[in-house]
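To keep things clear, I will list the structure first and then write my remarks on it.
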Amino acid sequence: MNLTAQAPLPFDHPVYVTRPVLPPLADYTRSLEQIWQSGFLTNGGSQHQDLELALRAYLQAPYLSLFNNGTLALLVACQALQVKGEVVTTPFTFAATPHVLAWNKATPVFADIDLETLCIDPASVEQNLSRHTSAILGVHVYGMPCDVNAIAAMARQHQLRVIYDGAHAFGTQLEERPIIHHGDATMLSFHATKLFHSAEGGALCMTDPDLKKQVDLLKNFGIKNEEEVLLPGINGKMNELQAALGRLVLQHVDAEKQRRQVVRDIYTERLRELLGLRLLSMPVNATDSHQYLIVRVNASQAGCSRDELHQRLKKFNIITRKYFYPLCSDYDCYKHLPSADPRRLPNAHRVASEVLSLPLHGALAKDDVHRICDAIAFSLSHP
Ligand SMILES: Cc1ncc(COP(=O)(O)O)c(C=O)c1O
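Oh and the sequence shown: position 253 is 247 in this note's numbering, straight run, nothing missing.
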């Protein structure tokens, strides 16, 4: 039983789970002046070229293509790699993951997740393979790496494509190697809620130069040159205003990571004292992408459920997120699928009822984090 007598004061403004890194406005104004002078607003101008080069270097990406958002990047990856039939994926993710499969006329087949990493469980992937399977779409959820070696071995054995939704995995390393080196392609999201962002945006990281060519063709309507259109492509291009913002935000990413580490350390220290709460932490061989701070609530030990905690914290103006709940397999558009049967996804169901995303960003003062922890401790025992 967790008992805390004193109720902390509510915040006088809502505290959200994240807050975008914003460069000094004067810096962005200077970039805008350059854009105005160039007269180029999109179609791979100098800001776009700059950002692509800078990100390739920062992420150690052999090949990288920028997109106007991560969802389109994933959609194009599926097209370029010709996924069809069935694709084994996780239900514990954001809606975009299975949706890109549906938009590619492939059927998502939901496999269960591992209880520690919360990523797709290779044993369950194996059980869900069929002669119709063309690919595995894993998600490095919260930046936690999937079991990339087991997935690669299975893909080799069954001749499957491997695509990773790495929306949360900007800069993640596994055994000192960038996670984006694994699989045929990895998508990164640069949405404003992500550590590195361009307001909206995304990228595909690849190791095969031919795939990069195909992806670039597909993201530009399939246009090869003035007179030839080769494929039914789409408009996935990142524009110059997004790229310029991304170029500046990149300069602040390392400092933001350090600030977020300070916040994480306080949560780790404080929440350790509370029975029934467990902070999700990276395995020792992986680096933290500093995008999410996830706590798992064991209702029978904590004295209150995840949903109750989420609700009670609102009284303190702390707006947490049940990220990811509901599972994609419970969406109206997928719940009819045989693989969406809850009896086949026990771990995913358990985890989706336990996880709560807490505020994590560099603008949180140490006192704010202590106040959030006080509110959590109080809420566990006070309806
Ligand atoms: C796991 C996951 N996949 C895909 C996306 C979609 O990315 P975007 O918003 O850049 O389209 C998100 C966005 O938050 C996500 O969390």
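Positions of the beta carbon are idealized from the N, C-alpha and C atoms, including for glycine.
Just so you know, these numbers come straight off a predicted model, no measurement behind them.
Nearest-angstrom Cβ-Cβ length linking residue i and residue j, presumed shorter than 8 Å
i      : j      : result
Ile173 : Pro139 : 5 Å
Asn341 : Gly230 : That pair is no contact at about 34 Å.
Leu269 : Ala293 : That pair is no contact at about 11 Å.
Lys206 : Ser59  : 6 Å
Ala357 : Ile312 : No, Ala357 and Ile312 are not in contact; Cβ-Cβ is about 15 Å, not under 8 Å.
Thr83  : Glu234 : Their Cβ separation, rounded to whole angstroms, is 34 Å, which puts Thr83 and Glu234 out of contact at 8 Å.
Ala67  : Ala197 : 6 Å
Ala74  : Gln208 : 5 Å
Leu352 : Val11  : 7 Å
His176 : Val135 : In fact, because the Cβ distance is near 15 Å, the residues do not count as touching under 8 Å.
Val133 : Cys113 : 7 Å
Ile281 : Thr166 : Checking the sequence shown, residue 281 turns out to be Thr, not Ile. Contact holds; Cβ gap of about 6 Å.
Leu307 : Ser373 : 6 Å
Glu389 : Ser32  : Residue 389 lies beyond the stretch modelled for the chain, which goes from -5 to 377, so this question has no answer here.
Leu354 : Arg258 : 7 Å
Asn98  : Ser333 : Not quite, the Cβ-Cβ distance comes to about 17 Å (not below 8 Å), so this is no contact.
Asp159 : Leu131 : 6 Å
Tyr319 : Leu287 : Not a contact, Cβ separation roughly 16 Å.
As assigned by DSSP and simplified to three states, the class of residue i
i      : result
Cys199 : strand
Ser59  : strand
Ala1   : coil
Arg272 : strand
Val133 : strand
Glu194 : coil
Tyr52  : helix
Lys99  : coil
Asp178 : coil
Pro340 : helix
Glu263 : helix
Thr127 : strand
Gln167 : strand
Phe104 : strand
Thr65  : helix
Asn233 : coil
Ser40  : helix
Thr23  : helix
Asp324 : helix
Lys360 : helix
Lys207 : helix
Ala117 : helix
Pro172 : strand
heavy atom of ligand 1 below 6 Å from residue i C-beta
i      : result
Gly160 : no
Phe372 : no
Phe34  : no
Gly64  : yes
Gly196 : yes
Thr393 : The chain is shown from -5 up to 377; residue 393 falls before or after that span and cannot be answered.
Phe88  : yes
His185 : yes
Contact with chain B by residue i, beta-carbon distance below 7 Å
i     : result
Val11 : In the displayed structure, chain B is absent; only one protein chain is listed.
Backbone CA spacing between residue i and residue j [nearest angstrom]
i      : j      : result
Pro14  : Ala90  : 21 Å
Gln236 : Met181 : 17 Å
Gln153 : Ala146 : 10 Å
Ile157 : Gln76  : 11 Å
Arg155 : Ser124 : 14 Å
Pro350 : Leu212 : The displayed chain sequence assigns Leu, not Pro, to residue 350. One C-alpha to the other measures close to 37 Å.
Phe184 : Met232 : 11 Å
Gly39  : Ala1   : 54 Å
Ser323 : Ser25  : 43 Å
Glu46  : Ser299 : 44 Å
Pro336 : Val291 : 20 Å
Ile228 : Leu239 : 23 Å
Arg254 : Arg50  : 24 Å
Leu265 : Thr23  : 42 Å
Asp115 : Asp108 : 5 Å
Pro4   : Asp362 : 11 Å
Pro377 : Glu302 : 8 Å
Thr111 : Val142 : 12 Å
Ala346 : Leu331 : 19 Å
His246 : Ala105 : 37 Å
His42  : Lys309 : 44 Å
His7   : Cys367 : 17 Å
Arg338 : Asp248 : 41 Å
Gln252 : Gly137 : 16 Å
Arg365 : Cys72  : 44 Å
His126 : Lys360 : 52 Å
Asp178 : Val70  : 13 Å
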